[in-house]
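Numbering (UniProt numbering), first residue to last: 1 to 389.
Here is the structure:
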């Protein structure tokens, strides 16, 4: 047995799997990155022995390398790459049928809220939004036609923490499908399949891609049966990721650990600084001692992430801060090498009616800061001057 085989038999660390994921060397040429197979269709040498790939909607070698990569990182059986995070979520929710009911985290991402309330509702798929930090509310939401539970933890943007294993175990006892949006934590910090979740979802546009240059979504299934069903949907709906973006995403994922560690260290310093400012009404960050559910988060996650939300007291003041900051992008999205400051009320959660946002703790003064790779002292100095007005 050679050294490589010996290492494969042992449990390799996450950082090693990020670089040595199985597709890092092209078997045909020895190239040090996955080739971009810019082809829509593939020649059949023999109809009796068709090739592995025949049409790129159904499967492409570049996309397949990415799909195998994310499945490995999440500890799942099969991975799937989609044209966006919402394409991954919407395709996965097509596992439901008319007349079904789903229980969903109440302060879920605005795009998911829009999908459930404006599109799936027209298909007679019913949704109940609950505060999943309160297990009694989850239990009370169960109906005879409930088929699935959709979790987001930490939630976007108030970073509420849901006990993943508790919900997954309860769902299994009622034969419910479980889906979890793992965008904020990534498989580096949180591995929901190991806690009993059936399908893990990502807006890979964010931390996995990491460079604000690719739009992508990923899904990983915990078992082969779900994998087969999701493959039928991906192929049938055609919501696949293109090969150029697949290659960009593979490249971005290789540095995930290094980026997440640096950004998280800075995010903790930012959250601590914000918590000391008398003009800040509230700070949301799982790493702060008083954050609700921090003990649960530490039990199921290996880190606190790089997103800090904070309430400056009013919508008017929030807009003033957005106008005055000089370093972060003021933009939709998060999880990039550059810091991004977002205004959920007008960006990520604009699809939610104002009264619904307020019920879920998404106030008009709430800002969401995704901490990038800049020096944290510069970021704090910049935010200090923006808040001073």
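Think of the CB as a built atom: it goes at the ideal place given N, C-alpha and C, for glycine as much as any other residue. Predicted model, so just to flag it, every value in this text is computed and none were measured.
Count the other CB atoms, across all protein chains shown, that sit within 10 Å of the CB of residue i; report buried if there are 16 or more and exposed otherwise.
i, result
"residue 2", "Note on residue 2: pLDDT 47, under 50, position unreliable in the model; no value is reported."
"residue 55", "exposed"
"residue 384", "exposed"
"residue 371", "buried"
"residue 13", "exposed"
"residue 144", "exposed"
"residue 78", "buried"
Pull up the CB-CB distance for residue i and residue j, whole angstroms please, since I reckon it's below 8 Å.
i, j, result
"residue 274", "residue 280", "5 Å"
"residue 199", "residue 226", "6 Å"
"residue 343", "residue 363", "Incorrect: roughly 11 Å between the Cβ atoms, too far for contact."
"residue 390", "residue 267", "Outside the modelled stretch of the chain, which goes from 1 to 389, sits residue 390, for which no answer is possible."
"residue 284", "residue 159", "4 Å"
"residue 148", "residue 176", "6 Å"
Can you tell me where the beta strand (DSSP E) holding residue i begins and where it ends?
i, result
"residue 284", "282 to 284"
"residue 178", "177 to 181"
"residue 103", "101 to 105"
"residue 316", "Residue 316 -> not in any beta strand (DSSP E); alpha helix (DSSP H) instead, spanning 315 to 324."
"residue 189", "Unbroken run through residue 189 is the alpha helix (DSSP H), 186 to 189; no beta strand (DSSP E)."
"residue 340", "340 to 342"
"residue 307", "307 to 311"
Go to residue i, then tell me how far its alpha helix (DSSP H) extends in each direction, as first and last residue.
i, result
"residue 114", "110 to 114"
"residue 47", "Careful: residue 47 lies outside any alpha helix (DSSP H) and carries neither H nor E."
"residue 355", "354 to 359"
"residue 265", "256 to 275"
"residue 333", "No alpha helix (DSSP H) holds residue 333; DSSP gives it neither H nor E."
"residue 395", "Missing from the structure shown is residue 395; the chain here goes from 1 to 389 and no further."
Checklist entry - Three or more C-beta pairs closer than 8 Å, one from the segment 370 to 381 and one from the segment 234 to 253: is that the case here? => result No: fewer than three Cβ pairs fall under 8 Å.
Item to check | Touch test, the segment 202 to 219 against the segment 74 to 81, Cβ-Cβ under 8 Å, three pairs minimum | outcome: They touch, by the three-pair rule.
Next on the checklist: Closer than 8 Å is the cut-off here; do at least three beta carbon pairs connect the segment 293 to 301 with the segment 180 to 198?
Outcome noted: The way I'd put it, the segment 293 to 301 does touch the segment 180 to 198; three or more beta-carbon pairs between them come closer than 8 Å.
Checklist entry - Can we say the segment 95 to 103 touches the segment 120 to 128, given the rule of at least three CB pairs closer than 8 Å? => result The segment 95 to 103 is in contact with the segment 120 to 128.
Checklist entry - Do the segment 332 to 347 and the segment 200 to 207 make contact, defined as three or more Cβ pairs closer than 8 Å? => result Yes, since at least three Cβ pairs between the segment 332 to 347 and the segment 200 to 207 fall closer than 8 Å, the two stretches touch.
Checklist entry - Are the segment 177 to 189 and the segment 139 to 155 touching, with three or more C-beta to C-beta distances below 8 Å? => result By the C-beta criterion, the segment 177 to 189 is judged to be in contact with the segment 139 to 155, since at least 3 inter-stretch pairs fall below 8 Å.
Checklist entry - Is there contact here, the segment 81 to 98 with the segment 228 to 246, by at least three beta-carbon pairs under 8 Å? => result The segment 81 to 98, when compared against the segment 228 to 246, does touch it at the 8 Å Cβ threshold.
Checklist entry - Hey, is the segment 250 to 258 in contact with the segment 232 to 241, meaning 3+ C-beta pairs nearer than 8 Å? => result In short, these stretches do not touch, since the Cβ pair count stays below three.
Next on the checklist: Give the list of continuous alpha helix (DSSP H) stretches no shorter than 4 residues that lie fully inside the segment 192 to 254.
Outcome noted: Listed in chain order, the complete alpha helix (DSSP H) runs (minimum 4 residues) inside the segment 192 to 254 are 224 to 237 and 243 to 253.
Checklist entry - At which residue ranges does the segment 9 to 89 contain complete alpha helix (DSSP H) runs of 4 or more residues, listed in the order of the chain? => result Complete alpha helix (DSSP H) runs here, min 4: 14 to 19 and 61 to 74.
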